[in-house]
Amino acid sequence: MEKLLRNSFMFLSRNKMMTKLAKKYGLRFGAARFVAGNTIEMATKVIEELNKKGLDVTLDYLGEFIQDEQEANEMANNTIKAIEAIGKEHLQSQLSLKLTSMGLDISDEVVLQNMRRILSVAKQYKVFVTIDMEDYSRCERTLEVYKELRKEFNNVGTVLQAYLYRTVMDIEELAEYRANLRLVKGAYKESSRVAFPEKKAVDENFKQIIKMHLLNGNFTAVATHDDAIIDYTKKLVKVHKIPKSQFEFQMLYGIRPEKQLELVKEGYRLRVYVPYGTDWYGYFMRRLAERPANVAFVLKGIIKK
Ligand code: FDA
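Per this note's numbering, numbering through the sequence shown is continuous, rising by one, with the last residue being 344.
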């Protein structure tokens, strides 16, 4: 049953018609639990509240799978506005984005041009930018774009997914780039030809890549809500005397907020991924697919209307 629900939400996450409708009608069905609002003003208020509690942020202007050049350029413009807001308001926040919102599906030229614009402004404001990892079909090109940009900028990092077989090799290859990486389990539906189908194998691979990247001496963001992985990381950094400046934990806005504060109280750095904007539908569906128990919130949201 859970698998069926998961697959249904993953299928819905790619529905173009629903994405359009969702944009038009604003945050609905409990999505506000996971999304900070439609506008940058709403998002900055949320960041300020989180910062006051000692939580750092990475801000994401929602958007993905853009096929039109003008739309991709507009996304880049709005992303630059978000960086300027972070810089001018002195918020403790980095920025995250998806390359398909910057033109990855259009051409290398468009995506690189938009990313260079964004990273130049981000550099001015000392804002670090993380390139999220999308589905497997875009993984190779995302890493190629990252490597190209990394040669020119030191304020850019990316994400690797523990569910992919290739990730161990990517960790090794990215070591020479001194890559600042966010490590995650992986949020898309992938074939067993490219990804571990079993949760247990994903978790074991997750531990392995965390260990490899940390022991290679590189900055590692462990992005998970899973206590077992968090506890594993705490032990690992203690045994190997890895300084607090070389790693952090990351979690999504609206998920396990009490655990987020607990980690900060224990002295760890915790960064919250805060999405905002009108293109919330795909992001929201992926959160439901991860944990069909969240559907209860959706149902409550519908009943209240
Ligand atoms: P897992 O799903 O095994 O959950 C462990 C426990 O956490 C659950 O038992 C539950 O208690 C809690 N939990 C997990 N998800 C929850 C939810 N939705 N609601 C409530 N509780 C929940 N993926 C990707 O492919 N590319 C990317 O760029 C990113 N970026 C990213 C940034 C950050 C900061 C985070 C935290 C995650 C991502 N992800 C991602 C998503 C990631 O791949 C993964 O899908 C989710 O983090 C869920 O996996 P967990 O590691 O939390 O473990």
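By construction, the Cβ of each residue, glycine as well, lies at the ideal position given by its N, Cα and C atoms.
Reduced DSSP secondary structure (H/G/I, E/B, other) of residue i
{"i": "Asp99", "result": "strand"}
{"i": "Gly126", "result": "helix"}
{"i": "Tyr175", "result": "helix"}
{"i": "Phe104", "result": "coil"}
{"i": "Lys42", "result": "helix"}
{"i": "Ala234", "result": "strand"}
{"i": "Glu217", "result": "The question names Glu, yet the displayed sequence has Arg at residue 217. Three-state DSSP puts Arg217 in coil, outside helix and strand."}
{"i": "Leu143", "result": "coil"}
{"i": "Leu94", "result": "coil"}
{"i": "Val281", "result": "In the sequence on display, residue 281 carries Ile and not Val. Ile281: coil per DSSP, three-state reduction."}
{"i": "Val241", "result": "helix"}
{"i": "Val223", "result": "strand"}
Cβ neighbour criterion (16 or more within 10 Å) applied to residue i
{"i": "Leu222", "result": "buried"}
{"i": "Lys344", "result": "The pLDDT assigned to Lys344 is 40, lower than 50, so where the model puts this residue is not dependable; a value taken from the coordinates is nonetheless given after this. Result: exposed."}
{"i": "Ile342", "result": "Here the model assigns Ile342 a pLDDT of 47, short of 50, so the residue's position is not dependable and the matter cannot be decided."}
{"i": "Leu43", "result": "exposed"}
{"i": "Met208", "result": "exposed"}
{"i": "His129", "result": "exposed"}
{"i": "Thr78", "result": "exposed"}
{"i": "Asp270", "result": "exposed"}
{"i": "His252", "result": "buried"}
{"i": "Ala70", "result": "buried"}
{"i": "Pro318", "result": "Position check: residue 318 holds Asp in this sequence, whereas Pro was assumed. With 16 or more other Cβ atoms within 10 Å, it is buried."}
{"i": "Lys224", "result": "buried"}
{"i": "Asp242", "result": "buried"}
{"i": "Glu103", "result": "buried"}
{"i": "Gln109", "result": "exposed"}
{"i": "Asn46", "result": "exposed"}
{"i": "Ser140", "result": "buried"}
{"i": "Ala267", "result": "exposed"}
{"i": "Asp147", "result": "exposed"}
{"i": "Glu88", "result": "exposed"}
{"i": "Arg326", "result": "buried"}
{"i": "Ala328", "result": "buried"}
{"i": "Ser132", "result": "buried"}
Element boundaries [alpha helix (DSSP H), containing residue i]
{"i": "Pro296", "result": "296-304"}
{"i": "Gly321", "result": "320-329"}
{"i": "Arg310", "result": "Premise fails: Arg310 lies in the beta strand (DSSP E), 309-315, not in any alpha helix (DSSP H)."}
{"i": "Thr272", "result": "266-278"}
{"i": "Val9", "result": "Here the chain has residues from 40 to 344 only, and residue 9 is not among them."}
{"i": "Thr83", "result": "79-91"}
Residue i - containing beta strand (DSSP E), residue span
{"i": "Ala262", "result": "259-262"}
{"i": "Ser8", "result": "Since the displayed the chain opens at 40 and closes at 344, residue 8 lies outside it and no answer follows."}
{"i": "Met208", "result": "Looking at the DSSP string, Met208 is not in any beta strand (DSSP E); the run it does join, the alpha helix (DSSP H), is 206-213."}
{"i": "Phe149", "result": "A small fix is needed here, since residue 149 is Val in this sequence, not Phe. Here Val149 belongs to no beta strand (DSSP E); instead the alpha helix (DSSP H) covers 147-163."}
{"i": "Phe286", "result": "286-291"}
{"i": "Val168", "result": "168-170"}
Inter-residue CB distance, residue i and residue j (contact presumed, cutoff 8 Å)
{"i": "Leu138", "j": "Val166", "result": "Actually they do not touch by this definition, with Cβ atoms about 18 Å apart."}
{"i": "Val74", "j": "Pro314", "result": "5 Å"}
{"i": "Phe288", "j": "Tyr307", "result": "6 Å"}
{"i": "Leu302", "j": "Ile248", "result": "About 20 Å separates the two Cβ atoms, so there is no contact after all."}
{"i": "Val195", "j": "Leu158", "result": "6 Å"}
{"i": "Met154", "j": "Leu98", "result": "Actually they are not in contact, since the Cβ atoms of Met154 and Leu98 sit about 17 Å apart, beyond 8 Å."}
{"i": "Tyr216", "j": "Lys186", "result": "6 Å"}
{"i": "Ala124", "j": "Thr169", "result": "Actually they do not touch by this definition, with Cβ atoms about 17 Å apart."}
{"i": "Ala234", "j": "Leu203", "result": "5 Å"}
{"i": "Ile105", "j": "Met114", "result": "6 Å"}
{"i": "Met206", "j": "Asn244", "result": "For the record, residue 206 in the displayed sequence is Thr; it is not Met. Confirmed, Cβ separation roughly 7 Å."}
{"i": "Leu94", "j": "Tyr322", "result": "Actually they are not in contact, since the Cβ atoms of Leu94 and Tyr322 sit about 20 Å apart, beyond 8 Å."}
{"i": "Gln285", "j": "Phe258", "result": "6 Å"}
{"i": "Thr118", "j": "Leu136", "result": "6 Å"}
{"i": "Tyr227", "j": "Glu173", "result": "7 Å"}
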